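Line by line, the protein sequences give chains A and B.
Residue numbering for the first sequence follows this note's numbering, beginning at 148 and increasing consecutively.
Residue numbering for the second sequence follows this note's numbering, beginning at 1079 and increasing consecutively.
Presented below is the structure to which this report refers.
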Amino acid sequence: MLDYIWLIPIFPLLGAATQLFLGWRLSKNAVTAVSVGLPGVALLWALGCVVQLLGLPEGSHHVFVKTLYTWLPLGPLRLTGGSLANLNVHVGFQLDPLSTVMLLVVTGVGFLIHVYSIGYMAHEGGYYRFFGYMNLFMFSMLILVLANNYLMMFVGWEGVGLCSYLLIGFYFQRRSASDAGKKAFVVNRIGDAGFLLGVMLMAVTFGSVDFREVTAQALSGRIPVGSTVIVTICILLFIGASGKSAQIPLYTWLPDAMEGPTPVSALIHAATMVTAGVYMVSRSNALFILAPTAMALVAGIGAATAIYAASIGLVQNDIKRVLAYSTISQLGYMFLACGVGAFGAGIFHLMTHAFFKALLFLGAGSVIHAMSGEQDMRKMGALWSRIPTTAKTMLVATLAISGAPLFAGFFSKDEILWKAFSSPYGSKLLWLIGFATAGLTAFYMFRLFFMTFAGKSRVPHEVEHHIHESPKVMTIPLICLALGALAAGYVGWPKMLGGSNHFEHFLEPVFENSKALAGSEYAWSVEFGLMLLSVAIATLGFLVAYFWYVRRPEVPEHVAAKAGPLYKLVLNKYHVDELYDALFVNRAKDLGSVFAAFDLGVIDGGVNGAGWLTRMSGELSRWWDTWIIDGLLNVLAFVVKVMSYPVRVIQTGVVENYAWLITLGVVIFMVYYFVHF
Amino acid sequence: MIPTSYYILLGSGLFTIGVIGVLTRRNVLIILMSIELILNAVNINLVALSQHFRSVDGQIFAIFVITDAAAEAAVGLGLIIALFRNKETVNADEIDLLKW
Chain A
148 MLDYIWLIPI
158 FPLLGAATQL
168 FLGWRLSKNA
178 VTAVSVGLPG
188 VALLWALGCV
198 VQLLGLPEGS
208 HHVFVKTLYT
218 WLPLGPLRLT
228 GGSLANLNVH
238 VGFQLDPLST
248 VMLLVVTGVG
258 FLIHVYSIGY
268 MAHEGGYYRF
278 FGYMNLFMFS
288 MLILVLANNY
298 LMMFVGWEGV
308 GLCSYLLIGF
318 YFQRRSASDA
328 GKKAFVVNRI
338 GDAGFLLGVM
348 LMAVTFGSVD
358 FREVTAQALS
368 GRIPVGSTVI
378 VTICILLFIG
388 ASGKSAQIPL
398 YTWLPDAMEG
408 PTPVSALIHA
418 ATMVTAGVYM
428 VSRSNALFIL
438 APTAMALVAG
448 IGAATAIYAA
458 SIGLVQNDIK
468 RVLAYSTISQ
478 LGYMFLACGV
488 GAFGAGIFHL
498 MTHAFFKALL
508 FLGAGSVIHA
518 MSGEQDMRKM
528 GALWSRIPTT
538 AKTMLVATLA
548 ISGAPLFAGF
558 FSKDEILWKA
568 FSSPYGSKLL
578 WLIGFATAGL
588 TAFYMFRLFF
598 MTFAGKSRVP
608 HEVEHHIHES
618 PKVMTIPLIC
628 LALGALAAGY
638 VGWPKMLGGS
648 NHFEHFLEPV
658 FENSKALAGS
668 EYAWSVEFGL
678 MLLSVAIATL
688 GFLVAYFWYV
698 RRPEVPEHVA
708 AKAGPLYKLV
718 LNKYHVDELY
728 DALFVNRAKD
738 LGSVFAAFDL
748 GVIDGGVNGA
758 GWLTRMSGEL
768 SRWWDTWIID
778 GLLNVLAFVV
788 KVMSYPVRVI
798 QTGVVENYAW
808 LITLGVVIFM
818 VYYFVHF
Chain B
1079 MIPTSYYILL
1089 GSGLFTIGVI
1099 GVLTRRNVLI
1109 ILMSIELILN
1119 AVNINLVALS
1129 QHFRSVDGQI
1139 FAIFVITDAA
1149 AEAAVGLGLI
1159 IALFRNKETV
1169 NADEIDLLKW
């Protein structure tokens, strides 16, 4: 099975091709069978490959690479150091612990979301188009995670960006949706530019873009720690990651991306695509370790984004918006982890986050489905008894994301906070920011939960009648994800509490360098203390939310009124979108206008002018022809005509005249003869 | 004998009268008669000169002319009758269909 690992992306690709070429002719059931079945096959194949991988002999360090063919045999390239190297880019697949985690997350959560979508999209238009794009996304994402070099990863990277655009703008007839799709793609592109520059710089520095070769060279000590080249490469790669994973300053697209159908938000903007940046940074851990400046940047931006997004999520009223900002915030955590050298913890959080965030989004979708499309939480309330399965699974997810002990999020988030505190790359400040964010997270997540499911019902009358639990095809994935959100944490049970942290152990071969960071000077008691603090602040967040949204619902309004301008500022997302519009978007549009004016005035003007000239020369020819040529002929004819006037006079029609003329002729002849003879 | 010049004079006199008749007279029958007169004038000339030159050619030619004149008269009359049938007139100045 491993030998045919390349089939894993091909299965969803077949689904996409089927839908996009034949989908319009297929029945809904056929579409479902193909487009949900094939990702299911991909999942099974992936499981098979992973089992096989684990069965490989110890010496291989659980790494399997299969190169299919050489894509770009670029030949000798002169590197910056002066040496020559053959830069060959292959199409190859690498399955190692890191890509295993990503593979299972993508195929597992992806499959569940596809199943959920059968129910969610049943009454929407464009059923086959939706699944076609979703399958295409699965293909691209699988290429991204299974690639064995940066350039092939970039192919998948671009592919998921495209699918994100297509799916966000799925309801393209709505202006806001198509705008959001464009925004996502353009902002992503800015990141992609950074990524590509980073890869190019990598190519001329290392002579290769292959993961193993670059990692080997980085670990070999050839490049001094903190050299400008490495720092530049890492910063450029991180720019790419920020675009894809919605960090400051390239995060603005993700809240708008909620215009897409909810399964899209779950799959792409929670579980998989946005985690591609984290995956890429983790894959490049050997490079980042050599660039402390870049690590600091990653950690700083990650932490800043985490608390910034959490602050905006506190006051949003659209259920999906809260989850969007929550995603940005949690991604910040993951980058914080990577930035302090705890790549394993970052990936661990990525995995647990995939479970509970997908669950949250799908649950929100279920709520929206029950509420006949209403997304404003101010119009919800007391839904617990009406949609119990959704409510219970969302409770599990909310507990998980808030870091409640024994749920998945607790282990991964705590791991990150501990590493932020204790790692040589970390700092107390970073820990403090993460710690505060955890409190905010617990607060806004329980705010979401209570506003939706508890308290008094604020549901409008017409909607109230239609509230119903979602069909099994939607609730069963919710339950599966809830189990994941409960259980996924146990693979990372920390050593401190008696476990052996299987997860990090599993990932060790990939993160060899971070071993150096594993041992810190702090005692386990400090770690335990920090763990207790995290639980405490999460509980505090929970209590405030409970008090404000269940016990005394009028309090939040008072607080908002008292905070006045500050509240408005946060509610308007700190006016960042407006700022970007003024600084960049409108300036770009202005530039476009300039070019348009040039195109219309100069280019089209030239073309029109040439046309005008041609037409004028035609006019000139016409004038010449009419007046000169025809004129000459007419003059000729006129002359002939005028010459005929005197001659015409002779033809009177009177017979006697003719007789006279005959006589005249005879006389002339006679005279002539007499003269000549 | 009668000098030949008197015959020539007679002939030319008749010829002139005939021509004037063709040019001047209104009735087409009179014009036809004038044409006959012209032909006869020519005949007189021919015969007179045949006698002057003691050659019989002139007289033979005169017989041809007479024959010719007869035929022509017949045809001319036919024309006039056809003309009368269409136009109800024998006046030359009333035949002006070709006049513009």
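Backbone N, C-alpha and C define an ideal beta-carbon position, used for all residues, glycine too.
Predicted model only: the values in this text are computed from it and were never measured.
> Using DSSP with H/G/I as helix, E/B as strand and the rest coil, what is Arg369/A?
Replying inline: coil
>> Using beta carbons (cut-off 8 Å, strictly below), is Gly800/A in contact with chain B?
In response: So, interface residue.
> Can you tell which of Phe211/A, Trp171/A and Leu160/A has its C-alpha closest to the C-alpha of Met148/A?
Replying inline: Minimum Cα distance to Met148/A is reached at Phe211/A.
>> So Thr810/A contacts chain B; which residues on that side make the cut at Cβ distance below 9 Å?
In response: Val1097, Val1100 and Leu1101
> Among all the DSSP beta bridges, which residues are the ones paired with Asp150/A?
Replying inline: In the DSSP output, where bridge partners are listed per residue, Asp150/A has none listed.
> Exposed or buried, Leu576/A, counting other C-beta atoms within 10 Å across all chains shown (16 or more means buried)?
Replying inline: exposed
> So Pro410/A is in the alpha helix (DSSP H); what residue range does that whole segment cover?
Replying inline: Thr409 to Ala413
> Helix, strand or coil: how does DSSP classify Asp777/A here?
Replying inline: helix
>> Between which residues of its own chain and Gly328/A is the CB-CB distance below 6 Å, once the five residues before and five after are set aside?
In response: Only Tyr312, Ile315 and Gly316 meet the Cβ criterion.
>> Contact criterion: CB-CB distance below 8 Å. Does Glu803/A meet it with respect to chain B?
In response: Cβ-Cβ to chain B under 8 Å: yes for Glu803/A.
> Given that Asp1171/B touches chain A, what residues does it touch there, using C-beta distances under 9 Å?
Replying inline: The contacting residues are Val801, Val802 and Glu803.
> Does the count of Cβ pairs from the region 581-599 of chain A and the region 215-223 of chain A closer than 8 Å reach three?
Replying inline: no
> If we call anything under 8 Å between Cβ atoms a contact, is Thr536/A one with Lys504/A?
Replying inline: no
> Going by alpha carbons, who is nearest to Val421/A out of Ala441/A, Leu461/A, Thr375/A and Ser476/A?
Replying inline: Ser476/A
> Per DSSP, which one or two residues make a beta bridge with Pro832/A?
Replying inline: Because chain A is modelled from 148 through 824, residue 832/A falls outside the range shown and cannot be assessed.
> For Leu1175/B, which residues in chain A fall below 9 Å Cβ to Cβ?
Replying inline: Gly800
>> What does the alpha-carbon distance come out to for the pair Asp737/A and Leu718/A?
In response: 29 Å
> Between which two residues does the alpha helix (DSSP H) harbouring Gly602/A extend?
Replying inline: Neither: Gly602/A is in no alpha helix (DSSP H) and is coded neither H nor E.
>> Suppose you measure from the CA of Thr247/A to the CA of Val197/A; what does that come to, to the nearest Å?
In response: Rounded to the nearest whole angstrom, the C-alpha separation of Thr247/A and Val197/A is 7 Å.
> Beta-carbon separation of Ile1086/B and Ala1140/B under 8 Å?
Replying inline: no
> If you draw a straight line from the alpha carbon of Ser264/A to that of Pro410/A, how long is it in whole angstroms?
Replying inline: 6 Å
>> Whole angstroms are fine: how far does the CA of Ala457/A sit from the CA of Phe568/A?
In response: In this structure, the straight-line span from the alpha carbon of Phe568/A to that of Ala457/A is close to 20 Å.
>> Cβ closer than 9 Å: which chain B residues qualify as neighbours of Trp771/A?
In response: Ordered by position in chain B, no residue passes the 9 Å Cβ test against Trp771/A, which lies about 38 Å from the chain.
> Once you ignore the five residues that flank Phe596/A on each side, which residues in its own chain have a CB closer than 7 Å to its CB?
Replying inline: Met541, Leu542 and Thr545
> Can you find a CB in chain B that lies within less than 8 Å of the CB of Trp759/A?
Replying inline: no
> Residues of chain B with a CB under 9 Å from the CB of Trp807/A: which are they?
Replying inline: Neighbourhood of Trp807/A in chain B, by CB distance below 9 Å: Leu1101, in chain order.
> From Gly1096/B, Gln1137/B and Met1079/B, pick the residue whose C-alpha is nearest to that of Thr810/A; which is it?
Replying inline: Of the candidates Gly1096/B, Gln1137/B and Met1079/B, the one whose C-alpha sits nearest the C-alpha of Thr810/A is Gly1096/B.
> Are the Cβ atoms of Thr379/A and Leu348/A separated by less than 8 Å?
Replying inline: yes
> In three-state DSSP terms, what is Pro223/A?
Replying inline: strand
> Going by the CB atoms, is the gap between Val1143/B and Val1120/B shorter than 8 Å?
Replying inline: yes
> Helix, strand or coil: which one does DSSP assign to Phe745/A?
Replying inline: Secondary structure at Phe745/A: helix, using DSSP grouped into helix, strand and coil.
> If you run the structure through DSSP and keep just helix, strand and coil, what is Gly765/A?
Replying inline: helix
> In terms of residues, what are the limits of the alpha helix (DSSP H) holding Phe435/A?
Replying inline: Asn432 to Ile436
> Where Leu1088/B and His1130/B are concerned, what is the direct C-alpha to C-alpha distance, given to the nearest angstrom?
Replying inline: C-alpha separation (whole angstroms): 15 Å.
>> So the candidates are Thr622/A, Phe824/A and Ala583/A; which of them puts its Cα closest to the Cα of Phe685/A?
In response: Looking at the sequence provided, one finds Ala at residue 685/A rather than Phe. Ranking Thr622/A, Phe824/A and Ala583/A by Cα distance to Ala685/A puts Ala583/A first.
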